[in-house]
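Each residue of the sequence shown is one higher than the one before, starting from 2 at the first, in the working numbering. Below you'll find the structure, written out as structure tokens, and then a few comments.
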Amino acid sequence: MRFSDFFIHRATTTTLLISAIAGFGLLSYLSLPVSNLPEVDYPTIQVSAALPGANPDSMAATVATPLESEFSRIPGIENMTSSSLVGETNITLQFALSRSADAAAQDVQAAISRAAGSLPAGMPEPPSYSKVNPADDPIIWLEMHSQTMSFEDFSRYATQIVSKQISMVNGVSQVEVYGPERPAIRVQVDPARLAAYSLDLEQIRTALTNNSASLPTGTLYGKARDYSLQANSQLTTADQFSDLVVAYRNELPLRLSQIAHVLNSSSNDKRTFWINGQRSVILAVRKQPGANTIEVADRVKAAVQTLRDVLPPGVAFGKVADNADIVRGSIAEVNHTLVLTIVLVVLVIFAFLGTLSSTLIASATIPVSIFGSFIAMHLLGYTVDMFSMMAITLSVGFVVDDAIVMLENIVRHREMGKSRLDAAVNGAAEVGFTILSMTLSLVAVFLPILFLNGVLGRLLREFAVTISVSILLSGFSALTLTPMLCSRFLSERVHGDNWFLRRTEGIHAALKRGYQRSLDFVLRHPRATIVASIVMTATTVALFAIVPKSFMPAVDTGGFSGSMEASQDSSFAQMISYGEQVNKALAAVPWMESNLSGVFSQNGGWLWVNLRQDRRRPNVKVIIADLQKQLDRIPGLKVYLRQPDFVDLGQTESRSQYSAALRSPDADELYRWAPRLKSKLDSLPELANVSTDLQMSAPRVNVDIRRDLAMSLNVDPEKIANTLYDAFGNRRANTITVASQQYDVILEVAQQYQRDPETIGSIYLASNTGSLVPLSAVTTLSQTVAPLTVNHLGQFPAVTFHFDLKPGISLDKATFEVRRAATELGIPASMNFTFQGTAAQFQGSLKGLGLLLIIAVMVIYLVLGVLYESFIHPISILSGLPAAAIGALLTLLLVGQDLNLYSFLGIILLIGIVKKNAIMIVDFAIDAERNLGMTPEQAVYRGCLQRFRPIMMTTMAALLGAAPIALGQGIGGEARRPLGIAVCGGLLLSQTVTLYVTPVIYLFLHRLQRGRLQKITGGEAVPSTESLSVS
């Protein structure tokens, strides 16, 4: 092959070309955005609808169902879930990755408009929607609190000033504010005083609506000038509302303050958030897609410092958690691993070649491949993240393979006494096709990944493309730069006489002699080797079946989350008490840097603990276990702690690591079977922390309207319902706008009337004749239980089951037992049981990744078949793959690692690495048969011995290149470790086996083909060189 001659004879051109690749690669690296993981946009739309005072059943039937019916007609929806609570419904629509989030949002808006006619008339505003990316976590969390200002005052400052200033920082897409709700003025009426003045709640609501209208008032057009008119028809403060005249009694004005307490508040006063135990406002800052995480976080912190200097006295403002620190730590560890890998690989090259010039020549391909990969990353819009940097780190171990093969062959020609130029020209021509075969077949391993759909495909595509570009560049460099450098700088004395060379040459010679003797034995007993190959193939299949499998390893990112759940009859006040107890427990957590917690429903809450980044800190699992024991001591409260997913798959937040859902068109049937399945799952020894979102025991007061009696008293049933809504429904009586800020005016009864069902009867309403009638006269109260939440999955009522795994239990074992438990229970065919979230992704990946492995082998076979124009040579080359798989799987079993996504990537890499060694043997044998007239036995025997040294070098380089990853240090190390372990374990076994199996299989297939051809030609001998010739 004469491709290399051009570059050997044109050293200046080659140098400039390689320098350009390195230079532009460096510039590309400096401009690449930095993030923890590849940018994956999960098209997700969240729809919210409110009907204050409506119970969950009513919200699900009258709001969720009409909306879901319209949403189901939108193309591309993969998952639709809804949760209906008291007064609100939240619907989450997850679309296929192929759909644009903007186009999906337009379809959602159109569906909301179509459903408007089917929604309740009393909704204060139409349903709203927002585009979200579940995987796009906030890059930094900020908090504000004050010891001197009221919560309402400084929270208003946070919402109206601080959040807007932060959102203007370059690279920031959104600032979410937690803690303050929409400002509101609450009118808390005393029913006793109201009745004393012969008024009812409906009359007060009418007064609030009619006496605070903001209407246009027009313009006066004079002869000389025009005048715009402005009337103070709108009340804007609590004091102004307090002074509102609602009626006249005894010719004296009756003001609102005489019958009600008017105060500044919020539209939802049933939410509270704490930072380190202190009530605070939380600001979550999200970056724009493609922005550099670290740079944006630094700009935000600079803006925080600027704002801190101008805040009112007594207001504290600062950082709570910085996810950019995780990105910094993860990327720093990967970079450290990359540097260590380069050092180890260079030492391997030096140990085998023994001279500085040879080492530098072979190592020159490393920066070319690395920096050239950055050019491709920049052009494709990739980021510097864990996947791309892990691809580059892994590539270091085998991008030198091509250069080593080229260099070693040129060295061999140099040792024959040839000049540097002749050795470079002849050596490059001899192994040019070998390098091309090695490079293209290795890239072929990653081609199937490019066609992998879904979230996994998006995540792994960046890894596959980056490592493929690096491999292609290494092949190009080996065919151009390496021979050119050898023709100029390869040492005159290839093997010197220093002590190091004498020692290493002695070791290499001894290894080669030992290999030669063992090879002679194996070639004399080919049947045993063939039987061993068959056994290894069967063992590989068996190991794949029995090795524990999981999806993603748990990673210590320096924090953990938790969800709080109290009994369904808990009140908001009780949850506040629980939250304070949790905060005390959190304050005692060792190694804690900060913690966030919040209560957002009558029996639910949330927490996050941010730990110090310190190498002396124990693993987060240990801290979680210790904290869990403390939280379990709080009576009446259950707290579920969990590590966050290192690789977010766009799933909704769950209280446990895994989940499954049971749904049915018949809600009554669903609610009968769900507790039975929960009990069954509780009994499984593989599961821990089993829970459900089924909440059917919330206290409810049924108000039975005595219609006949009400009609006899001239009271309409509708007015009874309106009075109840006025009193207890958080009813919006009006909306006012002040300085671009909207305020709700909310009508309700005084707090003491909202605590006991018996107080309902003491509320009066006016009949059609004007007389007051107590509610107790026209209604009957009874207490029962009802759903606290109503959840839907795909339009049908659903119950979700959450669970964790006991220590030592693999995910495939757990999902198998969960599925079997559901089957044994005999769930009716009308009900559907499916895994959700990570468990569902795992179920799909078992089939997808297994098929991917088969396709990868098939693609390599096709590429090799085309290159060698042969059906049998690819089989000889791929014969060592079972040994690599056995080594990888056995090593994973020995060190207690599951077969997960990362270790599977390691096995994919092994396929490419192992067959490169076989290519060197087979390619030499084919060339020797064709050009030197050797018999197949002589050719493959000489090929094994001739290629023993480069095979040892490339294998050791790949092995030590993966070793730092196998150690798995630093942030994200737990995720990378299985990949490195699989590669190291597979190489250790396949290195030995390939050197023996490949020549035996080569000869066996050759003889098989020759015997078949002899039968076709009537027994005439067919020269082996003809039967195995390549074009």
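We treat Cβ as the ideally placed atom computed from N, Cα and C, and that holds for glycine.
N- and C-terminal bounds of the beta strand (DSSP E) containing residue i
i           : result
residue 101 : Note, residue 101: premise wrong, no beta strand (DSSP E); not H, not E.
residue 145 : 141-147
residue 96  : 89-96
residue 174 : 173-179
residue 745 : 742-750
residue 897 : Element bounds for residue 897: n/a, residue is neither H nor E.
residue 274 : 273-276
residue 309 : Here residue 309 belongs to no beta strand (DSSP E); instead the alpha helix (DSSP H) covers 294-309.
Distance CB(residue i)-CB(residue j) smaller than 8 Å
i           : j            : result
residue 365 : residue 482  : yes
residue 211 : residue 236  : no
residue 609 : residue 564  : no
residue 77  : residue 51   : no
residue 853 : residue 453  : yes
residue 902 : residue 387  : no
residue 714 : residue 774  : yes
residue 904 : residue 982  : yes
residue 706 : residue 779  : yes
residue 938 : residue 1004 : yes
residue 464 : residue 519  : no
residue 378 : residue 895  : no
residue 484 : residue 5    : yes
residue 888 : residue 962  : no
residue 90  : residue 60   : yes
residue 470 : residue 602  : no
residue 747 : residue 187  : yes
residue 397 : residue 342  : yes
residue 591 : residue 813  : no
Span of the alpha helix (DSSP H), counted from its first residue to its last, around residue i
i           : result
residue 334 : 324-354
residue 916 : 902-933
residue 718 : 718-729
residue 444 : 421-451
residue 375 : 366-381
Neighbour-count burial assignment, residue i, 16 or more Cβ in a 10 Å radius
i            : result
residue 121  : exposed
residue 1000 : buried
residue 507  : exposed
residue 805  : buried
residue 394  : buried
residue 815  : buried
residue 385  : buried
residue 198  : exposed
residue 228  : exposed
residue 783  : exposed
residue 604  : buried
residue 249  : exposed
residue 222  : exposed
residue 95   : buried
residue 803  : buried
Legend entry - In chain order, each beta strand (DSSP E) run of at least 3 residues that lies wholly inside the region 217-262: Runs of the beta strand (DSSP E) inside the region 217-262: 220-222, 227-229, 246-250 and 253-256.
Legend entry - Those runs of the beta strand (DSSP E) which lie wholly inside the region 675-711 and span at least 3 residues: 688-693 and 699-706
Inset, instruction - Scan the region 773-838 and note each continuous beta strand (DSSP E) run of 3 residues or more that stays entirely inside, going in chain order. - result: 773-775, 780-787, 791-794, 797-806 and 833-837
Legend entry - At least 3 beta-carbon pairs within less than 8 Å: the region 286-295 vs the region 105-125: Contact between the region 286-295 and the region 105-125 is absent, because fewer than three Cβ pairs lie under 8 Å.
Legend entry - beta strand (DSSP E) runs wholly inside the region 18-87, at least 3 long, in chain order: 45-51 and 78-86
Inset, instruction - Would you check if there are 3 or more beta carbon pairs closer than 8 Å linking the region 874-883 to the region 912-926? - result: By the Cβ rule, the region 874-883 counts as touching the region 912-926, because three or more pairs are nearer than 8 Å.
Inset, instruction - Starting from the N-terminal side, write out each stretch of the alpha helix (DSSP H) that is 4 residues or longer and does not extend beyond the region 942-1010. - result: Listed in chain order, they are 949-968.
Legend entry - Contiguous beta strand (DSSP E) assignments of at least 3 residues, all confined to the region 602-641: 605-612
Inset, instruction - Counting only runs of 3+ residues fully inside the region 505-549, write out the beta strand (DSSP E) ranges in chain order. - result: At a cut-off of 3 residues, not a single continuous stretch assigned as beta strand (DSSP E) sits fully inside the region 505-549.
Inset, instruction - Determine, using beta-carbon pairs with one atom in the region 8-27 and one in the region 350-369, whether at least three such pairs fall under 8 Å. - result: yes
Inset, instruction - Would you mind listing the beta strand (DSSP E) stretches within the region 465-492 that are 3+ residues and don't spill past its ends, in chain order? - result: none
Legend entry - Contact between the region 102-111 and the region 143-151 (3+ Cβ pairs under 8 Å): Taking 8 Å as the limit for Cβ pairs, the verdict is that the region 143-151 does not touch the region 102-111.
Inset, instruction - Give a yes or no on contact between the region 955-973 and the region 344-354, applying the rule of three or more CB pairs nearer than 8 Å. - result: In this structure the region 955-973 lies against the region 344-354, because at least three pairs of beta carbons, one per stretch, are closer than 8 Å.
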